[in-house]
Structures are given as structure tokens and as C-alpha cells.
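Participant:
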Amino acid sequence: ALEKVDGRAEELTWEIYKDTVIEQAEQGVDYMTVHAGVRLPYVPLTANRKTGIVSRGGSIMAAWCLAHHKESFLYENFEELCEILAAYDVTYSLGDGLRPGSIADANDEAQFAELRTLGELNRIAKRCNVQTMIEGPGHVPMHKIKENIDLQQEICEEAPFYTLGPLTTDVAPAYDHITSGIGAAMIAWWGTAMLCYVTPKEHLGLPNRDDVKTGVITYKIAAHAADLAKGHPGAQEWDDALSDARFEFRWEDQFNLALDPDTAREFHDETLPAEPAKTAHFCSMCGPKFCSMKISQDIRREHGSSKGEIEEGMAQKSKEFAAAGNRVYLPIAD
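Numbering (this note's numbering) for the sequence shown: 17 to 350.
(1) Let me know the alpha helix (DSSP H) ranges lying completely inside the region 176-207, each 4 residues or longer, listed in chain order.
(2) Going by other Cβ atoms of all chains shown within 10 Å of its Cβ, with 16 needed for buried, is arginine 115 buried or exposed?
(3) Nearest CA to the CA of phenylalanine 177: which residue from Ala188, Gly135, His193?
(4) How about tyrosine 235 and tyrosine 213: do their beta carbons lie closer than 8 Å?
(5) Count the other CB atoms within 10 Å of the CB of aspartate 112; is the residue buried (16 or more) or exposed (fewer)?
(6) Consult DSSP for threonine 36 and reduce its assignment to one of helix, strand or coil.
(7) Please state if the CB of isoleucine 119 and the CB of valine 70 are separated by a distance shorter than 8 Å.
(8) Over the uninterrupted beta strand (DSSP E) stretch that includes valine 50, give me the two end residues.
(9) Determine the extent of the beta strand (DSSP E) in which glycine 68 is found, giving its start and end residues.
(10) What separation, rounded to the nearest whole angstrom, lies between the Cα atoms of alanine 126 and threonine 67?
(11) Going by other Cβ atoms of all chains shown within 10 Å of its Cβ, with 16 needed for buried, is isoleucine 326 buried or exposed?
(12) Are the beta-carbon atoms belonging to alanine 25 and isoleucine 76 less than 8 Å from one another?
(13) Could you tell me which uninterrupted beta strand (DSSP E) segments, each at least 3 residues in length, are contained entirely in the region 75-118, listed from first to last along the chain?
(14) Roughly how many whole angstroms lie between the Cα atoms of leucine 222 and threonine 279?
(15) Glycine 44: which of Phe337, Pro57, Leu167, Asp105 sits nearest, CA to CA?
(16) Do you know offhand how far glycine 53's Cα is from tryptophan 80's?
(17) Contact defined as beta carbons within less than 8 Å: I believe serine 88 pairs with methionine 48. What is the distance between those atoms, to the nearest angstrom?
(18) Going by DSSP, what residue range makes up the beta strand (DSSP E) through threonine 148?
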């Protein structure tokens, strides 16, 4: 819609926007992000933010509201928009146009004012039989993450939450797949339904193929960690299978069970490239003499690992302790 007015936000109209929505719905779009929660009264709430309004859609609608000093045409025409989306079976992604763009702005008045409006819009959409998910932040320090999911679930009546991370610190450009992966694991554990991945290029430039791969893998790790924490069926079995393969030095099984098999194999072969290393009972970290898992296996072979064998060994040690006079400290031999 913005392209139709040569990028001038103030020239947008409901009619232009509506026509664009219909065009895209007829093309088969499954869901649309709509920033109908950015309302005129909320724009001044962002004035003292450290990073202002960081959402593209949010900034466009804020600019329109200020240019006309009118309520958002998306908010005012939301029910008509619902009718269009219902007719084409398109899902709402209610955009968080006032999400925080820095951890300093997290959980502020502007963010939560918009969230309350998204809850209102979600109820209207449900009444109109339009499926809805709610977009979430953003940049949020760890101690403020849970408040986001708790409020969203309450205000939006458990509509699916969809978050970009959140990033838990702002100091690591080039590593924002990690800063956001931390927040993604936490918020997914507490109930977020969908994670939007972040690449290492976030805030720096357009990602390339390798950046996308790194971001997706990071978020698959975060999602799996959350599945483990929530006790999802099957999640623990994957970890157990890889742990068994690791303890038994089944290297090929380790590689194949890994989330990223090619990289796991590549890292192993950097230091132990020979084919016999694929059956060796050690890796290059500890070598053959100091591998903790090999030592553990040797102990089990020598002393047994069944409950009966363990109890028998403990009883024998108790007898030896009693035979030595039940003394904790023994004299040093001459």
C-alpha cells in the first residue's frame, strides 16, 4: 500500500490499504501482519524512549496519525477488515508496532497500552471468525520476560503469542542470534507459540544464506530446550539417544542424531580426520588416557553397575571400615 503512494505515509488511505489487502488475499496469502494497535493516543508515550518506534509498520501508522491528527484508519475500520479476512480465510498477525527496540524501553507504558488494544482487537476478530496470533517483542531483559507472556495470555485470552526473540541484551551486534536465542528459550518455556528467528546480521545488514542457517539452528535449539522444560513427549528421547551414543562412542550415531549433523562431523574431523577415529573411544579434547567416559566405562566393567553389585561393593567397604576400627582418620604408615 505504501508503494502506491510513493512511500509517503501521510498519503495512505483506508481505501488504498483495503484494496491492497484484497489483492494479496486473492493471491493466496495465508496471514497478514496488521498494525491496528498503534493508536493516536499512544504515539506520545514513545517520546521519551531511548530508541523510539522501531517497527516499520508501527512507524508508518504513527506518522499517519500525527500527520492527520486522527485515530488510525486501521483501528477505526478493523471490523470491515475482519470481514475481508474472513471471506478469504486469512489469519491475522496483530503486529506490535510499539514493541521495545532496546531493553531500556522494555515493558513500558507504550508497549502495554498497545497490548491492551491488541486484546480488544483479538476479541473482535474471534467474533468475526478470523484466526489471530499476537506479535510480541523485541528487546527484553531476562527478568522482564515472564511479565510479557503472562500479560499477553491474560489480555489476549490465550491467543497464540509470536515473538522475535526477545533479545536479552543490546551489547552484542553480530551475535544477536545468541542474545535473542536466550530470550526465545525462556519465553517459549513460559508459553509462546511461535518463535521468529534472528540472524547474526540483525541490526547490521541483510543476512546471507549462512546467516539464515545459523539463525534457524539457534532457534531450533531454543525451541527444543523449551520443549524439554515443558516435558513435551519425545523431546527427552532425542537427548537420551544422543547421550547413549556419546557414552558408547558411537560417533556416526552422534553425528546423525545431532541437530546439525554436517557441522558436528566437520568439527570432529578437524582434529581427528582418520577413519579409525570414528570408532575410537576418545576425542581430541581429552585424548585416550583422560577421557572421563572411557574411565567411567572401565570402572563399570571392573566393579559392575547393577544395583546388587553396587550394594555388595558398599557392604564390602563397610566391613573394611569396621575392621580398621571405624576410624575416620588413620595413622600415617612409617
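C-beta: ideal position from N, C-alpha, C; glycine also. Predicted, not measured: the structure shown is a model, and the values here were computed from it.
Facilitator: For this structure:
(1) Counting whole runs of 4 or more residues, the region 176-207 contains the alpha helix (DSSP H) stretches 192-205.
(2) Result: buried.
(3) For the set Ala188, Gly135, His193, the Cα lying nearest the Cα of phenylalanine 177 is the one of Gly135.
(4) Yes.
(5) The residue in question, aspartate 112, is buried, as its Cβ has 16 or more Cβ neighbours within 10 Å.
(6) The DSSP-derived three-state label of threonine 36 is helix.
(7) It is not a contact, given that the beta carbons lie outside the stated cut-off.
(8) In this chain, the beta strand (DSSP E) harbouring valine 50 covers 47-50.
(9) No beta strand (DSSP E) holds glycine 68; DSSP gives it neither H nor E.
(10) Rounded to whole angstroms, alanine 126 to threonine 67 spans 13 Å at the Cα level.
(11) Isoleucine 326 counts as exposed, since fewer than 16 other beta carbons sit within 10 angstroms of its beta carbon.
(12) Judged by beta-carbon spacing, isoleucine 76 lies within the 8 Å limit of alanine 25, meaning their Cβ atoms are closer than that value.
(13) Qualifying beta strand (DSSP E) stretches, in chain order: 107-110.
(14) Those two C-alpha atoms are separated by around 23 Å.
(15) Minimum Cα distance to glycine 44 is reached at Asp105.
(16) The straight-line gap from Cα to Cα measures roughly 13 Å.
(17) Contact check for serine 88 and methionine 48: beta-carbon distance about 16 Å, past the 8 Å limit, so the pair fails to qualify.
(18) Under the DSSP assignment, threonine 148 falls in the beta strand (DSSP E) whose first and last residues are 148-152.
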